[in-house]
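Numbering (mature numbering (1 follows the signal peptide of the UniProt record, and there is no 0)), first residue to last: -15 to -1, 1 to 248. For reference, the structure discussed in these notes is given below.
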Amino acid sequence: MLFVTYALLFYGIRAQILTLKPGKVRGFEYTTKSGGIAEVFLNIPYAAPPIGELRFEKPSPPTPWKEIRNGTGFGATCHPHAYQAAVQPAPNEDCLTLNIIRPKKEAPQNGFPILVWVHGGGYETDSASLYGYKGFADIYIPHDIIVVTIQYRLGVYGFFSTGDSRIPGNLGLFDMAAAFKVCCKSSLRLCICFVYFQFIYDNAENFGGDRSRITAWGLSAGGSAVGQLALSPITRGKIIEQFRMFMQDRERFTALWKFFRFT
């Protein structure tokens, strides 16, 4: 404990505590290139570990925790497709986690807008940790946007199907959805959608977010997945007004597109 405290102070990072409905998470601060301060909370479970009887099942609510959870490092990556294993070390089935990067300042009355990032990888590989947190913080914190990055099951664990009701498949999409309600505008590899992601929606006020301005987007397979969720009758929604609200703030919308310079 003393070593951890010393390390945090040595690197100029102060521990922060975030209280969510399932429990508390300890994070840290990051100073952006523009001098702003971001509060970062990593490795937060948004669903129960999909292991044992929950393997090949749709995601279940996260198991509450009593102790303060360590959110200073990324969680395990999800198992990739077999031939991709060499480029994705130390995977684990217990991988349904998300990461929160928020401005360190008092939130407005309705909270900050929330941007949910879904990673790519052909539904077979990659993870939220691949994109880190610094790039997101450097680009979006100056515009008072909260960024949430998520992980989802990959390869056989996320997209295997028996072709019947036993294992209907697309579990990776259900991980992302977990009660999405979506309205979407898409273009090529980028898909921008407004969503009600259950865990994020339920906890938005706890981390200073505005639950009426939640946007999901992704690159490559991530963008494709969000587009599929926008078209699915399971997740289709009617919240076009949120898109208009976001578009009115040109500065924030421009910041969203700048992400591609980072990736």
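For glycine and all other residues, C-beta sits at the position ideal for the given N, C-alpha and C.
N-terminal and C-terminal residue of the beta strand (DSSP E) that Leu204 is part of: Your numbering for residue 204 matches position 219 in the sequence shown. Residues 194 to 204.
Best match in Ser19, Tyr108, Asn28 for proximity to Val211 [C-alpha to C-alpha]: Mapped onto the sequence shown, residue 211 falls at position 226. Here the closest residue by C-alpha is Tyr108.
Residues of its chain near Asn188, where Cβ-Cβ distance is below 7 Å and the 5 sequence neighbours each way are ignored: Residue 188 sits at position 203 when you count from the first residue of the sequence shown. Hits under 7 Å: Leu5, Lys6.
Alpha-carbon spacing of Glu190 relative to Glu52, whole angstroms: For the purposes of this step, residue 190 is identified with residue 205 of the sequence shown, where counting begins at 1. For the purposes of this step, residue 52 is identified with residue 67 of the sequence shown, where counting begins at 1. Using only the alpha carbons, I get a separation of about 21 Å.
Reduced DSSP category for Thr4 - H, G, I as helix; E, B as strand; rest coil: Here the question's residue 4 lines up with position 19 in the sequence shown. Residue state, collapsed to three classes: strand.
Proximal residues to Asp129 (C-beta, below 7 Å), its chain only, five neighbours per side dropped: As a first step, residue 129 is located in the sequence shown; it is residue number 144 there, counting from the start. So the list reads Pro88, Phe97, once near-sequence residues are dropped.
Nearest-angstrom Cβ-Cβ length linking Pro76 and Phe159, presumed shorter than 8 Å: Counting from one through the sequence shown, the residue named residue 76 turns up at place 91. Counting from one through the sequence shown, the residue named residue 159 turns up at place 174. Not a contact, Cβ separation roughly 19 Å.
CB contact flag (Phe121, Ile86, <8 Å): Against the sequence shown, residue 121 aligns to sequence position 136. Against the sequence shown, residue 86 aligns to sequence position 101. Closer than 8 Å, so yes.
Residues bridged to Gly12 [DSSP beta-bridge criterion]: Reading the sequence shown from its first residue, position 27 is the one you call residue 12. Paired residue(s): Gln1.
CB of Asn155 within 8 Å of CB of Ala113, strictly: For the purposes of this step, residue 155 is taken as residue 170 along the sequence shown, with counting starting at 1. For the purposes of this step, residue 113 is taken as residue 128 along the sequence shown, with counting starting at 1. In this structure, Ala113 does not lie closer than 8 Å to Asn155 by Cβ.
DSSP-derived helix/strand/coil call for Asn188: As a working note, residue 188 is residue 203 in the sequence shown. In the structure shown, Asn188 sits in a helix (DSSP, three-state: H, G or I).
Continuous alpha helix (DSSP H) assignments of at least 4 residues falling wholly in the stretch 77 to 157: 119 to 125, 140 to 144
Exposure label - Asn28; buried when at least 16 CB within 10 Å: On the sequence shown, position 43 is the one that residue 28 refers to. Buried: at least 16 other Cβ atoms inside 10 Å.
Assigned exposure category for Leu3 - 16 Cβ within 10 Å defines buried: The sequence position of residue 3 within the sequence shown is 18, counting from 1. With 16 or more other Cβ atoms within 10 Å, it is buried.
Proximity below 8 Å, CB of Asp195 to CB of Asn55: Position 210 of the sequence shown, counting from 1, holds the residue named residue 195. Position 70 of the sequence shown, counting from 1, holds the residue named residue 55. In this structure, Asn55 does not lie closer than 8 Å to Asp195 by Cβ.
Nearest candidate by alpha-carbon position, reference His104, set Ala215, Lys9, Leu216, Ala201: Walking along the sequence shown from the start, residue 104 turns up at place 119. Nearest option by C-alpha distance: Ala201.
Neighbourhood of Tyr15 by C-beta distance below 6 Å, restricted to the same chain and skipping five residues each side: Here the question's residue 15 lines up with position 30 in the sequence shown. Here the set comprises Ala23, Val25, Ala122.
Neighbour-count burial assignment, Thr134, 16 or more Cβ in a 10 Å radius: Taking the first residue of the sequence shown as position 1, residue 134 is located at position 149. With 16 or more other Cβ atoms within 10 Å, it is buried.
Bridge partner(s) assigned by DSSP for Glu42: Within the sequence shown, numbered from 1, the residue matching residue 42 stands at position 57. DSSP lists no partner for Glu42.
Euclidean distance between Cα positions of Cys80 and Gly60: On the sequence shown, position 95 is the one that residue 80 refers to. On the sequence shown, position 75 is the one that residue 60 refers to. Each residue's Cα considered, the two are about 7 Å apart.
Proximity of Thr62 and Gly12 at Cβ, strictly below 8 Å: Locating residue 62 in the sequence shown gives position 77, counting from the first residue. Locating residue 12 in the sequence shown gives position 27, counting from the first residue. No. Outside cutoff.
Other residues of its chain near Phe65: CB distance less than 7 Å, five sequence neighbours each side excluded: Translated into positions along the sequence shown, residue 65 becomes position 80. The sequence shown places Pro at residue 65, rather than the Phe named in the question. Closer than 7 Å at Cβ, skipping near neighbours: Gln73, Pro76, Glu109, Thr110, Leu139, Gly140.
Outcome for Thr48 when other beta-carbon atoms lying within 10 angstroms are tallied against a minimum of 16: What you label residue 48 is simply residue 63 of the sequence shown in a count that begins at 1. Classification for Thr48: exposed.
Buried/exposed call for Arg198, threshold 16 Cβ in 10 Å: Numbered from 1 along the sequence shown, position 213 holds the residue referred to as residue 198. It counts as buried.
Buried or exposed by the 16-neighbour rule on C-beta atoms within 10 Å, applied to Pro35: One-based indexing of the sequence shown puts residue 35 at position 50. Result: buried.
Simplified DSSP state of Phe159, which is helix, strand or coil: Locating residue 159 in the sequence shown gives position 174, counting from the first residue. Here Phe159 sits in helix by DSSP.
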